[in-house]
Amino acid sequence: MIISIISPIYHCKDCLIPLYERITQVVKTLEGITDYEIIFVEDCGQDGSWEMVEILANKDTHVRGIQLSRNFGQHHSITAGIDLCKGDWAIVMDCDLQDRPEDIANLWKKAQEGYDIVNARRQKRQDSLWKRTSSRLFHIIFEWLSGLSYDPQVANLRIINRKVISAYKSMRESSRSFGTQIHWLGFSTAYIDVSHNARYEGKSAYTFTKLIRLAIETIISYSNKPLRLSIGLGIAISFSAAFASIWIMIRVFYWGIPVEGWASLMISIWFLGGIIIANLGIIGLYIGKIYDETRKRPIYVISKRVN
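Pasting the structure below:
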């Protein structure tokens with residue numbers, strides 16, 4: 160039985176040695192595992208992380224390194240690692256040591272109960288208040304729009320078997336969200352509670368702008384509810400306008416009250432103009448997503464490999 164440990168790397172040079180050492184110590188104790196590989200996917204951070212990966216790979220043949228040609232993003236890096244892994248099981252974990260490598264043993268133990276997927280649920284997250292709040296808000300909106308129930312305490316740390324790996328590899332859309340895609344696949348799933356540590360070094364690469372972009376891409380990729388909401392809003396405005404027209408005609412023809420509505424007319428024009436432009440923007444996002452998919456560009460491009 161072979162197990163693959165996949166970790167996307169971006170600006171985590173100082174984390175690599177302790178991450179490698181702790182993963183190695185744990186994997187060697189897993190019952191039933193005859194071989195293992197540690198796959199570091201370096202997302203072209205240009206901070207010396209790739210050179211460190213090469214050093215580790217030259218030292219230990221269990222370490223495999225992949226460097227992407229440019230910064231494609233965390234979820235694209237995870238896809239590269241899963242595409243090239245050889246394991247019967249694969250564990251995905253971040254490189255910043257916020258998730259403890261020692262929890263690999265707990266994931267493996269739970270998976271032996273017959274589950275295809277075991278997710279790690281983080282307890283007492285050590286992220287900033289802003290990140291916790293924005294994450295919670297995103298998941299609430301995402302659940303409402305997509306109809307998929309998703310635990311906001313679950314991040315990337317999880318174990319999946321070869322059946323899930325094969326199904327995930329068949330999903331070749333350009334917009335990637337590892338956790339959401341795995342959740343969408345279904346399969347028998349279990350959860351374990353794990354502790355969550357502070358970052359070993361640096362700060363998260365997810366800026367506010369990147370988080371907003373990721374949220375929009377994920378929602379557009381997994382839900383057409385914004386389009387249906389636009390239709391509903393248009394119908395509601397049309398009915399409101401019809402009732403308002405009837406009310407105005409009653410006032411004019413039956414009660415003889417003159418209509419004085421320059422201000423209200425301008426407000427209505429601006430309001431409807433804003434709604435129309437917003438709806439065109441929503442439609443444009445979906446058309447843009449369709450365009451991206453029809454180009455059939457690769458999800459990632461590999462620049463260098465070792466082992």
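Every letter in the sequence shown is one number past the one before it in the working numbering, and letter 293, counting from 1, is 452.
Note that beta-carbon positions come from the ideal geometry of N, C-alpha and C, so glycine has one too.
Give a yes or no on whether the C-beta atoms belonging to residue i and residue j are separated by under 8 Å.
i	j	result
Thr348	Ile276	yes
Asn278	Val323	no
Leu316	Val251	yes
Gly224	Val465	yes
Lys448	Ile351	no
Ser236	Pro167	yes
Tyr459	Leu227	yes
His234	Ser163	no
Val185	Ile263	yes
Ile161	Gly273	no
Asp202	Phe231	yes
Ile197	Ile182	yes
Ser334	Glu302	no
Trp248	Ile318	yes
Met211	Lys187	no
Ser389	Ile428	no
Helix or strand or just coil, what does DSSP make of residue i?
i	result
Thr188	coil
Phe398	helix
Tyr413	coil
Asn383	coil
Asn320	strand
Tyr179	helix
Asn438	helix
So the candidates are the options; which of them puts its Cα closest to the Cα of residue i?
i	options	result
Glu332	Trp209, Tyr450 and Ile161	Tyr450
Ile165	Met211, Ala239 and Thr220	Ala239
Phe199	Arg280, Glu302 and Ala216	Ala216
Thr220	Tyr195, Thr453 and Ile371	Tyr195
Pro385	Pro260, Ser399, Ile162 and Leu444	Leu444
Ile371	Gln184, Leu296, Thr453 and Phe346	Leu296
Gln282	Arg259, Ala264 and Gly273	Arg259
Val157	Glu302, Leu256 and Lys218	For residue 157 there is no data in the structure shown, the boundaries of the chain being 160 and 466.
Pro457	Lys328, Gly391 and Glu376	Lys328
Leu392	Cys254, Leu431, Lys218 and Leu175	Leu431
His170	Thr377, Ile319, Gly191 and Gly204	Gly204
Arg321	Trp429, Ala374 and Phe346	Phe346
Arg387	Ser462, Ser427, Asn438 and Ile461	Asn438
Ser383	Trp209, Ile446, Trp406 and Tyr179	It is worth fixing the name first, because residue 383 is Asn in this sequence and not Ser. Checked all of Trp209, Ile446, Trp406 and Tyr179; the closest Cα to Asn383 is Ile446.
Glu261	Ala401, Ala326, Glu180 and Gly433	Glu180
Ile394	Arg280, Lys463, Ile435 and Thr453	Ile435
What is the residue span of the alpha helix (DSSP H) that residue i lies within?
i	result
Ile341	Phe337 to Leu344
Starting from residue i and walking both ways along the beta strand (DSSP E), at which residues does that stretch end?
i	result
Tyr459	From DSSP, Tyr459 is part of no beta strand (DSSP E); its letter is neither H nor E.
Ser329	Looking at the DSSP string, Ser329 is not in any beta strand (DSSP E), and its letter there is neither H nor E.
Tyr350	Thr348 to Ser354
Asp173	Per DSSP, Asp173 belongs to no beta strand (DSSP E) and is neither H nor E.
Tyr195	Asp194 to Glu201
In chain order, which continuous runs of the alpha helix (DSSP H) of length 4 or greater are located wholly inside the stretch 203 to 290?
Restricting attention to alpha helix (DSSP H) runs no shorter than 4 residues, the stretch 203 to 290 encloses them at 208 to 218, 233 to 243 and 263 to 270, ordered along the chain.
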